[in-house]
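First comes the structure, then the notes that go with it.
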Amino acid sequence: MSFISEFGDASASEIAEQMPISRQAIVKHLAALADVGLVSAEREGRQVRYRLTPEPLNEATRWIAKVGAEWDDRLRALERMLGRRRR
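Position one of the sequence shown corresponds to residue -7 (the numbering used here), numbered consecutively onward.
If you want it as structure tokens, here you go:
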């Protein structure tokens, strides 16, 4: 994904030239990423160009930050409660 992110879009062949795995393996991985909405595929003649679609990752990052903040609040409350019991 970093290769696509860096260059904007790329074909499976272009990505395979930069990676130590086969074009077929790249296509398989790109199909899995497309299935979950992390890349989009657009046919240009005989080639398929892949482009990063980061919004699903942005949504996941926001959710993780929200849940992390909730857990931080819970842990601070627990620390305060345990601190009172020790005294």
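Just so you know, even glycine gets a beta-carbon here, dropped at the ideal spot from N, CA and C. Model, not experiment: these values are computed from the prediction.
By the Cβ-count criterion, A4 is buried, with 16 or more other Cβ atoms from all chains shown falling within 10 Å of its own Cβ.
Less than 9 Å separates the beta-carbon of E34 from that of V40. Between the beta-carbon of L44 and that of V31 there is about 6 Å, and that keeps the pair under the 8 Å contact cut. Membership of V59 in the alpha helix (DSSP H) is indicated by the continuous run 47 to 78. Here A2 is buried, its C-beta having at least 16 other C-beta atoms within 10 Å.
In this structure, A26 sits near Y42, with a CB-CB distance shorter than 9 Å.
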